[in-house]
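The numbering of the sequence shown is our numbering, which starts it at 50 and goes up by one. Where a beta carbon is used, it is the ideal one built from N, C-alpha and C, also for glycine. All figures in this text were calculated on a predicted structure; none of them were measured in a lab.
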Amino acid sequence: MEVVILPGSKQIASLAADAVEALLRRKPDAVLGLATGSTPLPVYVELAARHERAGLDFSRVRAFALDEYVGLPAGHPESYREVIAREFTARVNISPANVHVPDGAAADIPAACRAYEDAIRDAGGVDLQLLGVGTDGHIGFNEPGSSLASRTRIKTLIEQTRRDNARFFGSLADVPHHVLTQGLGTILDARHVILIATGAQKAQAVRDLAEGPVAAICAASVLQLHPHATILLDEAAASSLRLADYYRHSYDHKPAWQGL
Ligand code: F6R
50 MEVVILPGSK QIASLAADAV EALLRRKPDA VLGLATGSTP LPVYVELAAR HERAGLDFSR
110 VRAFALDEYV GLPAGHPESY REVIAREFTA RVNISPANVH VPDGAAADIP AACRAYEDAI
170 RDAGGVDLQL LGVGTDGHIG FNEPGSSLAS RTRIKTLIEQ TRRDNARFFG SLADVPHHVL
230 TQGLGTILDA RHVILIATGA QKAQAVRDLA EGPVAAICAA SVLQLHPHAT ILLDEAAASS
290 LRLADYYRHS YDHKPAWQGL
């Protein structure tokens, strides 16, 4: 796990976009794993700008969202299918047919989850997975207690997460209780994982995920088992880390050839 502490969201967005750009130049038909929520938005703005300015080409990219609410009507503005299109994929040239989101409206939820796993596998697996982290340490919507080997399935949101996400819905009562989410095992299969955390409200989750034990109580700690996990933090999110000086020192002295 590589922890990189940067001054703010702008620098984080630029570095994450560099990783996406390098991947697309190497592999134009790469498979991207996309997170929603507010944290990755500056990355999507930066990628859309690079598409606009420099023709960064997404025409052959396939994309898989991490998760989706269960029970929102089709076209609901806060469904992640709508959010990911509005915030990112409609602003670059990814074909809508290549953007996959778990089907939270499926009549047969277990079958929809199996189909999602199959679709990721048939695409050749995720090359680069972007992640945010919840204040309770969730990635995707793998809440505390999630199996570290879990696959795409239905989960019940913890009330803290519903409260955190009420800002998108206007009222807590409108936040669904259930979601479909890629599992922790699914996320671990991605070839490179970039988790971004910004703001002091994420500091405890960041400490738990990077420096705590690997344990289901902090689902994101499973990334300690990933061979290529990059954690991009602003100063506030990094403020509780014991080894912050070591992470800074390592990044400052990183061999130039290594990249992220
Ligand atoms: C959303 C997702 C979640 C969010 C997390 C943080 O697709 O997978 O794990 O990344 O809830 O949300 P924000 O970025 O809004 O703080």
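Exposure of Val150, with buried meaning 16 or more beta-carbon neighbours within 10 Å: Here the question's residue 150 lines up with position 101 in the sequence shown. Result: buried.
Report buried or exposed for Ile266, applying the criterion of at least 16 other Cβ atoms within 10 angstroms of its Cβ. Within the sequence shown, numbered from 1, the residue matching residue 266 stands at position 217. Exposed, since its Cβ has fewer than 16 Cβ neighbours within 10 Å.
Mapping the DSSP letters down to three states, classify Lys59 as helix, strand or coil. Here residue 59 corresponds to residue number 10 of the sequence shown, with the count starting at 1. In the structure shown, Lys59 sits in a helix (DSSP, three-state: H, G or I).
Would you say Ala249 and Ala198 are within 8 Å of each other, going by their C-beta atoms? Start at 1 with the first residue of the sequence shown, and residue 249 comes out as number 200. Start at 1 with the first residue of the sequence shown, and residue 198 comes out as number 149. Contact flag unset, no.
Who does Asn214 pair with in a DSSP beta bridge? Counted from its first residue, the sequence shown places residue 214 at position 165. DSSP lists no partner for Asn214.
Going by beta carbon distance, what residues of the same chain come within less than 6 Å of Asn214, once the five residues before and after it are set aside? Here the question's residue 214 lines up with position 165 in the sequence shown. Once the five neighbours on either side are set aside, the close Cβ partners of Asn214 are Val224.
Which same chain residues, not among the five before or five after Glu117, have their C-beta less than 6 Å away from its C-beta? Your numbering for residue 117 matches position 68 in the sequence shown. Correct list, in chain order: Tyr129, Val150, Pro151, Gly153, Leu229.
Would you call Glu136 buried or exposed, if buried means 16 or more other Cβ atoms sit within 10 Å of its Cβ? Here the question's residue 136 lines up with position 87 in the sequence shown. The residue in question, Glu136, is buried, as its Cβ has 16 or more Cβ neighbours within 10 Å.
Count Cβ pairs between the region 252 to 259 and the region 288 to 295 that sit closer than 8 Å; are there 3 or more? yes
Start and end of the beta strand (DSSP E) containing Gln178? Translated into the one-based positions of the sequence shown, residue 178 becomes position 129. Per DSSP, Gln178 belongs to the beta strand (DSSP E) from 177 to 180.
Throw me the rounded Cβ distance for the Leu177 and Val92 pair, which I believe falls under 8 Å. Along the sequence shown, read from residue 1 onward, the residue named residue 177 stands at position 128. Along the sequence shown, read from residue 1 onward, the residue named residue 92 stands at position 43. In fact, because the Cβ distance is near 11 Å, the residues do not count as touching under 8 Å.
Quick one, which of Gly82, Phe217, Ser63, Ala66 has its alpha-carbon nearest Asp238's? Counted from its first residue, the sequence shown places residue 238 at position 189. Among Gly82, Phe217, Ser63, Ala66, the Cα nearest to that of Asp238 is on Gly82.
Can you tell which of Arg109, Thr235, Ile243 has the C-alpha that lies nearest to the C-alpha of Tyr165? The residue given as residue 165 occupies position 116 in the sequence shown. Here the closest residue by C-alpha is Thr235.
Verify the contact flag: Ser270, CB atom, against every heavy atom of the ligand F6R, threshold strictly below 7 Å. Residue numbering aside, residue 270 sits at position 221 when the sequence shown is read from its first letter. The answer is no for Ser270.
Opposing strand residues paired with Arg202 [DSSP bridges]: Counting from one through the sequence shown, the residue named residue 202 turns up at place 153. For Arg202, which the question treats as bridged, DSSP gives the partners Thr230.
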